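Notes for the one structure printed next.
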Amino acid sequence: MNSSREVTAVHKQPSVPGTREPATASGDSIPVVPLKHPVRLVLAAVLILVTLSAAWDVAVNERYRWDVVASYLFAPQILAGAGLTLMLTVVSMTVGIALGTLLAIMRLSDNPILSTISRAYIWFFRGTPLLVQLIFWYNIAALYPVIAFGLPFGGPSVVLGSANVLISPLGAALLGLSLNEAAYMAEIIRGGIRSVDKGQYDAARALGMSGGKLMNRVILPQAMRVVLPPTGNQVISMLKGTSLVSVLAISDLLYSAQIIYADNYQTIPLLIVASLWYLLMTTVLSFFQNKLERRYGRGFDSAPRRIRQPKTRTA
Amino acid sequence: MTTAMVEARGVRKNFGVIEILKGIDLRVEKGSVTCLIGPSGSGKTTFLRCINHLEKVDAGRLYVNEHLVGYAERNGKLYEMKERQTARSRLNAGMVFQRFNLFPHMTVLENIIEAPVHVLGRSRHEVIVEAQALLDRVGLGNRGHSYPQELSGGQQQRIAIARALAMKPKLMLFDEPTSALDPELVGEVLDVMKSLAEAGMTMVVVTHELGFARQVADQVVFMDGGVVVESGPPEDVLDNPQQERTKAFLSKVL
């Protein structure tokens, strides 16, 4: 093992004699014998063996009914359910993030009315179960049979229509998920905003920025770095949390699978089908999260983006 | 009213019950360099931030370029300015901070063109040409595409100066610009500031670099306990101080 010698060969630079010999003492390259880890090797071998045998067991166990899994994996009902789950996730997260940003900025505002409203919103929507909120929106017509737009205290108003028509089960699901998500996102975004150094506000103000420009151009892009990892968590838990909407008889991915196995009693194979789709969607979303994190980590990551020219020092 | 770039009359500032500035009177002539010196906690930095309205003045009058800072005077009353108006009035002065405060998520070039493009609404193309000239001026013409964290403290501070200059300010404020730097990096920043002074820029500098003050300043102001103790040309204040407090401070620093 004379890796150090190879490094010297690759690292050909117009070197000043006696400077920057990589990692070796006094110019001679001494062979380095790395520490050996015999126990680690044995453990790895055992683990691989166990994993393979477990995988083989699962594969050959006929009671898993892999043939059923395969036949339902691309069933139109399942695909439609997966599409609906994805749609619910994307729409609720988008609305949740937008509203959450607004709530976070309100909460940090000097205006006591705005910050109190935001605080109360977060208190209420985080403090009650999502399931209850979903059922509440679903039954909103019981409280308000007619939705109208008008002046307060019984003033003139324009009737927009029956609540049952305007707020469909899907509408109730989107409303419930989005409003609930906004409360959580508000706290995540508030943390991100507060993590930005106070000096950044001074610098931006001194350059004549204020209000929205200061937020959008200087503070929020820096907050993103702190906001993204927990937001990734939220997206993934939302993806799976959408299965709650099955109580509103919306055929999302899990509910579609349940409908099928209620009919043919193939419970496990259909749950496997649903899980595979959840896994696939989570994987794709994590990939985008990584990309975004890299995008907003620019200028912060300690690793240099390119190899820097070594400084040559004359002795 | 006045021909001074900055004129302070009885400026006061409290943080809660603590009085930081107890009535500052000061004139900074156009094209001159003023150095504020004094022990920490004497109010130098607070006063500098008041000039740019990063701190609100509680009493007294502070004029920058003949305009009252942060207030509009109508019918014998002072009306507090809206944030947007204040932001516009800040464009008179460029500011350089002790801890640089470059925008870490932008490259050096983006840092410099940010405000000219997004605050002044100038054409990006035109501003980039000017920014490149400014980078050359501070000796960092080849670092436009680096991120601030890839640069040394001295380089970052020179970029911060270039960023402030890109707004074409009438006045430059420096808040201990070399205090966060390693000793060997102080010189490069002071050199840029000297050349700026030679080019006729009006400057107010809070500093502990008495050598710089002696060489460059037209006026040295010694502050202690929220008041101006002594001010005048550097040869008077630094070499022949009249006040005991000034003497005591200088004997500790030199």
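Chains as they are written, first to last, in numbering that gives the first Met the number 0: chain Y, 0 to 314; chain C, 0 to 253. For each residue, glycine too, the CB sits at the ideal point set by N, CA and C. Because the structure is a prediction, the values reported are computed rather than measured.
From the DSSP secondary-structure annotation, give me the bridge partner or partners of residue i.
{"i": "Val-203 (chain C)", "result": "C:Thr-33 and C:Leu-172"}
{"i": "Met-280 (chain Y)", "result": "In the DSSP output, where bridge partners are listed per residue, Met-280 (chain Y) has none listed."}
{"i": "His-124 (chain C)", "result": "Bridge partners of His-124 (chain C): none, in fact."}
{"i": "Arg-204 (chain Y)", "result": "Answer is none; Arg-204 (chain Y) lacks a bridge partner."}
{"i": "His-264 (chain C)", "result": "The structure shown does not extend to residue 264 (chain C), since chain C is modelled only from 0 to 253, so the question has no answer here."}
{"i": "Phe-148 (chain Y)", "result": "Y:Val-157"}
{"i": "Asp-223 (chain C)", "result": "C:Val-226"}
{"i": "Leu-134 (chain C)", "result": "Paired residue(s): none; Leu-134 (chain C) is not in a bridge."}
{"i": "Met-214 (chain Y)", "result": "For Met-214 (chain Y), which the question treats as bridged, DSSP gives no partner whatsoever."}
{"i": "Ala-71 (chain C)", "result": "C:Tyr-78"}
{"i": "Val-5 (chain C)", "result": "C:Val-27 and C:Val-63"}
{"i": "Ala-58 (chain C)", "result": "C:Arg-11"}
Let's test the definition: count the other Cβ atoms within 10 Å of the Cβ of residue i and tell me whether it reaches 16, buried, or not, exposed.
{"i": "Gly-30 (chain C)", "result": "exposed"}
{"i": "Asp-238 (chain C)", "result": "exposed"}
{"i": "Ala-8 (chain Y)", "result": "Any reading at Ala-8 (chain Y) must be qualified, since the residue scores a pLDDT of 41, below 50, and its modelled position is unreliable; the value itself is stated next. Classification of Ala-8 (chain Y): exposed, given that the 10 Å Cβ count is below 16."}
{"i": "His-104 (chain C)", "result": "buried"}
{"i": "Tyr-282 (chain Y)", "result": "It should be noted that the sequence gives Thr, not Tyr, for residue 282 (chain Y). Looking at its Cβ environment, which holds fewer than 16 other Cβ atoms inside 10 Å, Thr-282 (chain Y) is exposed."}
{"i": "Ile-29 (chain Y)", "result": "exposed"}
{"i": "Ala-247 (chain C)", "result": "exposed"}
{"i": "Lys-167 (chain C)", "result": "exposed"}
{"i": "Leu-164 (chain C)", "result": "buried"}
{"i": "Ser-194 (chain C)", "result": "exposed"}
{"i": "Phe-230 (chain Y)", "result": "Note that residue 230 (chain Y) is Thr in the sequence shown here, rather than Phe. Buried, by the Cβ-count rule."}
{"i": "Val-189 (chain Y)", "result": "Correcting the residue identity first, residue 189 (chain Y) is Arg in this sequence and not Val. Buried is the call here."}
{"i": "Tyr-137 (chain Y)", "result": "buried"}
{"i": "Arg-48 (chain C)", "result": "buried"}
{"i": "His-52 (chain C)", "result": "buried"}
{"i": "Tyr-254 (chain Y)", "result": "buried"}
Rounding to the nearest angstrom, what Cα-Cα distance links residue i and residue j in this structure?
{"i": "Ala-141 (chain Y)", "j": "Gly-170 (chain Y)", "result": "16 Å"}
{"i": "Thr-115 (chain Y)", "j": "Arg-125 (chain Y)", "result": "15 Å"}
{"i": "Val-188 (chain C)", "j": "Val-227 (chain C)", "result": "27 Å"}
{"i": "Pro-111 (chain Y)", "j": "His-117 (chain C)", "result": "30 Å"}
{"i": "Ala-58 (chain Y)", "j": "Ser-70 (chain Y)", "result": "16 Å"}
{"i": "Gln-199 (chain Y)", "j": "Asp-66 (chain Y)", "result": "59 Å"}
{"i": "Glu-109 (chain C)", "j": "Thr-45 (chain C)", "result": "29 Å"}
{"i": "Met-223 (chain Y)", "j": "Lys-81 (chain C)", "result": "29 Å"}
{"i": "Ser-285 (chain Y)", "j": "Tyr-295 (chain Y)", "result": "15 Å"}
{"i": "Thr-23 (chain Y)", "j": "Pro-182 (chain C)", "result": "Because the pLDDT of Thr-23 (chain Y) is 48, which lies under 50, any placement of that residue in the model is unreliable, and the question is left without a value."}
{"i": "Ala-248 (chain Y)", "j": "Val-94 (chain Y)", "result": "22 Å"}
{"i": "Asn-64 (chain C)", "j": "Ala-147 (chain Y)", "result": "56 Å"}
{"i": "Met-280 (chain Y)", "j": "Arg-106 (chain Y)", "result": "33 Å"}
{"i": "Asn-263 (chain Y)", "j": "Ile-121 (chain Y)", "result": "43 Å"}
{"i": "Arg-297 (chain Y)", "j": "Lys-251 (chain C)", "result": "44 Å"}
{"i": "Asn-289 (chain Y)", "j": "Leu-51 (chain Y)", "result": "30 Å"}
{"i": "Trp-55 (chain Y)", "j": "Ile-267 (chain Y)", "result": "18 Å"}
{"i": "Arg-83 (chain C)", "j": "Leu-278 (chain Y)", "result": "49 Å"}
{"i": "Ile-111 (chain C)", "j": "Lys-169 (chain C)", "result": "17 Å"}
{"i": "Ala-273 (chain Y)", "j": "Gln-265 (chain Y)", "result": "13 Å"}
Taking only three categories from DSSP, how would you classify residue i?
{"i": "His-36 (chain Y)", "result": "coil"}
{"i": "Asn-13 (chain C)", "result": "strand"}
{"i": "Leu-83 (chain Y)", "result": "helix"}
{"i": "Arg-294 (chain Y)", "result": "helix"}
{"i": "Arg-142 (chain C)", "result": "coil"}
{"i": "Met-92 (chain Y)", "result": "helix"}
{"i": "Lys-76 (chain C)", "result": "strand"}
{"i": "Gln-218 (chain C)", "result": "strand"}
{"i": "Tyr-264 (chain Y)", "result": "coil"}
{"i": "Gly-231 (chain C)", "result": "strand"}
{"i": "Val-131 (chain Y)", "result": "helix"}
{"i": "Gly-42 (chain C)", "result": "coil"}
{"i": "Asp-56 (chain Y)", "result": "helix"}
{"i": "Arg-26 (chain C)", "result": "strand"}
{"i": "Thr-245 (chain C)", "result": "helix"}
{"i": "Lys-21 (chain C)", "result": "strand"}
{"i": "Arg-125 (chain Y)", "result": "helix"}
{"i": "Ala-92 (chain C)", "result": "strand"}
{"i": "Met-105 (chain C)", "result": "coil"}
{"i": "Lys-193 (chain C)", "result": "helix"}
{"i": "Ile-166 (chain Y)", "result": "coil"}
So is the beta-carbon of residue i under 8 Å away from any non-hydrogen atom of the ligand FMN?
{"i": "Arg-189 (chain Y)", "result": "Of the ligands one can find in the structure shown there are none, so the ligand FMN has no counterpart to examine."}
| query | Contact between the segment 173 to 186 of chain Y and the segment 100 to 109 of chain Y: three or more CB pairs below 8 Å? | reply | Between the segment 173 to 186 of chain Y and the segment 100 to 109 of chain Y, the count of C-beta pairs closer than 8 Å reaches three or more; the two stretches touch.
| query | Would the segment 255 to 268 of chain Y and the segment 60 to 78 of chain Y be scored as touching if the rule is three or more Cβ pairs under 8 Å? | reply | yes
| Stretch pair the segment 141 to 149 of chain C + the segment 198 to 207 of chain C: three plus CB contacts closer than 8 Å | no
| Contact between the segment 26 to 45 of chain C and the segment 201 to 219 of chain C (3+ Cβ pairs under 8 Å) | Yes, they touch.
| Can you find at least 3 beta carbon pairs, one from the segment 215 to 224 of chain Y and one from the segment 90 to 105 of chain C, that sit closer than 8 Å? | Touching, yes.
| query | Would you call the segment 75 to 91 of chain Y and the segment 239 to 257 of chain Y in contact, with 3 or more CB pairs under 8 Å? | reply | Under the 8 Å Cβ criterion, the segment 75 to 91 of chain Y counts as touching the segment 239 to 257 of chain Y, having at least three qualifying pairs.
| task | Count the C-beta pairs between the segment 6 to 21 of chain C and the segment 53 to 66 of chain C that are closer than 8 Å, then say yes if the count reaches three, no if not. | result | Yes, they touch.
| On the three-pair Cβ rule with 8 Å, is the segment 148 to 162 of chain C touching the segment 88 to 96 of chain C? | yes
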